[in-house]
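**Student:**
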Amino acid sequence: MTDLWTTVVPLAVTTAVLPIQLAITILMLRSAGGAARAGAWISGMTIVRLLQYAVFGAVLTQATDDGLPGTSAVEGALLLVVGVVLLVSAARKAANQPDEDAPPPRWMSIVDGMSSGRAFLMGAGLVAFSPKLWAFTLGAIGAIGDAQLGPGEGWIVFAVWVALAQALHLLAWLSATLFPAEAEPVLARASLALERYSRPLVIAISLLFGAWFMVKALSAFGIPDA
């Protein structure tokens, strides 16, 4: 179980701190009627992730069942992909390359006035079509499958992963919904902090967890001294 959480929690953190998604959530919340729009955006992301588990949960549980203790080779391959994706992201950020996770500019320009329905589709589409988010989600699903939990336990762990992966979005949404006047200056400061610090934060998180997942992946392939 320890091996499960040392995979699931870092994957949730790497998902949670992606600056583009946070910037969109904050932009929505600071606009007129933003709480409903942001709630729909978060719901879109959530539903796609739950559908991904519904489709791939049982498949990866079977694929990772090798009858041996420790991380399976299938989960090792998934973590290897995650590790490579994170290290490449760190290199791209360090070199000031364009953010491959950024939605098309047209999306950003219409966020302020879009309907809740379009916000839902935008959240769903971002998760459904982002290769990086697919890697993170499949890594989490593979770790749950590797733990050989029961169906109910698997869903509970995945629900916890989704909540952690979207914790910053949910916290911002709850704050803006329950305490709109108090939340506005906090959201303004958060937006400025994202502009100023997102690059070093992404580089640090990507390097740290990229190396971590590479070590776990290589250990799964029997290379403990790598």
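Sequential numbering from 0 applies to the sequence shown in this note's numbering.
Ideal Cβ positions, reconstructed from N, Cα and C, are used throughout, including at glycine.
Since the model is a prediction, treat every value here as computed from it, not as a measurement.
Out of 17, 215 and 149, state which residue places its alpha-carbon closest to the alpha-carbon of residue 203.
**Tutor:** Ranking the options by Cα distance to residue 203, first place goes to 17.
**Student:** Threshold first: 4 residues or longer. Then list the alpha helix (DSSP H) segments lying entirely within the region 32 to 104, N to C.
**Tutor:** You should have 33 to 62 and 72 to 93.
**Student:** With a 10 Å radius around its C-beta and 16 neighbouring C-beta atoms as the bar for buried, classify residue 229 as buried or exposed.
**Tutor:** Not covered by the structure: residue 229. The range shown for the chain is 0 to 225.
**Student:** I'd like to know whether the C-beta atoms of residue 48 and residue 156 end up nearer to each other than 7 Å.
**Tutor:** In this structure, residue 156 does not lie closer than 7 Å to residue 48 by Cβ.
**Student:** Would you kindly work out how many angstroms separate the C-alpha atoms of residue 34 and residue 180, rounded to a whole number?
**Tutor:** If I take the Cα positions, the gap works out to 13 Å.
**Student:** Can you find the residues in the same chain that come closer than 6 Å, C-beta to C-beta, to residue 144, ignoring five residues on each side of it along the sequence?
**Tutor:** Only 59, 60 and 63 meet the Cβ criterion.
**Student:** Which first and last residues belong to the alpha helix (DSSP H) in which residue 213 is found?
**Tutor:** That run of the alpha helix (DSSP H) goes 179 to 219.
**Student:** Quick one: what does DSSP say residue 117 is sitting in, helix, strand or coil?
**Tutor:** Residue 117 falls in the helix class under three-state DSSP.
**Student:** Closer than 6 Å by C-beta to residue 76: which residues in its own chain qualify, once you throw out the five before and the five after it? Chain order, please.
**Tutor:** Cβ within range, chain order: n/a, list empty.
**Student:** Cutting at 6 Å between CB atoms, please list the residues of its own chain near residue 182, excluding the five before and the five after it.
**Tutor:** Excluding positions up to five away in sequence, the list reads 174 and 175.
**Student:** Out of curiosity, what's the CA-to-CA distance linking residue 135 and residue 11?
**Tutor:** Their Cα atoms are separated by approximately 8 Å.
**Student:** For residue 257, tell me which candidate among 82, 71 and 19 has the shortest Cα-Cα distance.
**Tutor:** What is shown of the chain runs 0 to 225, which leaves residue 257 out entirely.
**Student:** Do you know how far the Cα of residue 3 is from the Cα of residue 224?
**Tutor:** Low local confidence applies: a pLDDT of 49 at residue 224 is under 50, so the model's placement there is unreliable, with the coordinate-based value given in what follows. If you take the alpha carbons of residue 224 and residue 3, they lie about 21 Å apart.
**Student:** Rank 9, 71, 24 and 39 by C-alpha distance to the C-alpha of residue 147 and give the top, closest one.
**Tutor:** Here the closest residue by C-alpha is 71.
**Student:** Pop quiz: residue 169 and residue 41 are said to be a contact at Cβ under 8 Å. What is the actual Cβ separation, rounded to whole angstroms?
**Tutor:** That pair is a contact at about 7 Å.
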